[in-house]
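Student: For what it's worth, the numbering used here labels the leading residue of the sequence shown as 209, then goes sequentially. Just so it is clear, CB atoms sit at the ideal spot from N, CA and C, and this is done for glycine as well. I'd like to ask you about the structure that follows.
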Amino acid sequence: MSIHTLRWAGVFSLALLTGGCAWQNSDTAARLDSLVTTSRFEARLDRLETDLTARCQALDGAQADQRQALAGLRQDVQGVGRRVHRLNEGVTRLTRDTVVEVPECPAPRSPELAGKEVLGRSEWIGLPTVGTYLKARIDTGANTGSLSAREITEFERDGEDWVRFKLALDDEAAVVDAARDTWIEARITRRVRIIQAAGEESRPVISLPLALGPIEQNVDFTLNDRTQLTYPILLGRRFLMDIAVVDVAREYLHERPEYPSDPSAADAARNEAANAGDADAP
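Right under this line is the structure:
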């Protein structure tokens with residue numbers, strides 16, 4: 209190999225070496241440039257600290273506003289509570305010290321009601337021929353009255369249909385004791401057909417004298433056992449028509465009639481009523 213050849217080989221080797229070093233130096237610089245230096249790190253921390261401080265200050269301000277608003281709301285609620293307390297005291301004083309008397313104003317009666325007796329939804333009635341008083345329910349929905357009866361026996365007298373029965377009463381019913389087991393006889397004036405869920409039933413209708421306050425007249429009654437009901441007597445529209453009106457908000461407006469407990473007195477009353485009925489008969 210000649211000297212010239214060796215020289216060119218050396219130059220080429222030097223060039224390769226120099227180029228390789230230059231490439232290594234540029235790559236290292238790029239990598240170092242991407243790293244965070246101490247000054248950059250501190251600057252970034254300063255920015256984060258400044259941002260966090262600003263946010264905390266804003267939050268403190270909002271909380272202060274909320275505390276102030278809550279304090280104002282508490283004051284308002286306390287003020288309302290004091291006003292309510294004073295109002296309650298005023299109402300208590302008015303209730304204690306003030307007495308308002310409202311005079312009763314009689315309701316004007318229309319001409320249609322003039323002369324009619326006012327009855328409550330429940331009333332005391334008397335049965336003069338039986339010699340007892342009983343509690344009755346006034347029922348404008350019923351047509352004919354009803355009387356609680358037991359041991360109902362129909363028979364014929366002088367070619368007419370009659371019925372014999374006793375009052376059907378429970379142990380707590382208000383009644384003259386002597387009338388509990390008294391036999392009552394009356395002429396059957398007609399019969400009515402009663403339609404119930406269990407079927408149809410024919411009941412005898414009788415007429416008995418009845419006293420209710422100033423009212424005294426004969427009343428038609430159907431006979432059936434009413435011991436399972438509250439009232440042993442029911443008065444319907446036939447009794448009320450043209451003589452009475454009903455105030456359903458009141459009861460027992462008329463005093464209970466009194467009868468002697470002596471059975472002979474009751475018999476005398478029954479005989480007197482029977483004689484009066486015979487005199488009225490055509």
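Have a look at the DSSP bridge pairing and note the partners of ALA272.
Tutor: Paired residue(s): none; ALA272 is not in a bridge.
Student: What residues are listed by DSSP as bridge partners for LYS343?
Tutor: TRP332
Student: Below 8 Å on the Cβ atoms is my guess for VAL384 versus THR340; work out the distance and round it to an integer in Å.
Tutor: 4 Å
Student: Which complete beta strand (DSSP E) runs does the segment 339 to 407 hold, if anything under 3 residues is left out?
Tutor: 340 to 346, 353 to 365, 368 to 375 and 392 to 404
Student: By DSSP, does ASP450 sit in helix, in strand, or in coil?
Tutor: Coil, per DSSP.
Student: Buried or exposed: LEU448, going by 16 or more other Cβ atoms within 10 Å of its Cβ?
Tutor: buried
Student: Alpha carbons only, please: which of PRO422, THR261, SER247 and ARG434 is nearest the one belonging to GLY353?
Tutor: ARG434
Student: Any contact of the segment 340 to 349 with the segment 396 to 411, i.e. 3+ C-beta pairs under 8 Å?
Tutor: With fewer than three CB-CB distances shorter than 8 Å, the segment 340 to 349 does not count as touching the segment 396 to 411.
Student: According to DSSP, simplified to helix, strand and coil, what is VAL284?
Tutor: According to the sequence as given, residue 284 is Asp; it is not Val. In this structure, ASP284 counts as helix in the three-state DSSP scheme.
Student: Check the C-beta distance from VAL456 over to THR390 and give it rounded, since I have them as a contact under 8 Å.
Tutor: No, VAL456 and THR390 are not in contact; Cβ-Cβ is about 33 Å, not under 8 Å.
Student: Kindly indicate which three-state DSSP category ARG458 falls into: helix, strand or coil?
Tutor: coil
Student: Could you check where the beta strand (DSSP E) with GLU424 kicks off and where it finishes?
Tutor: 423 to 432
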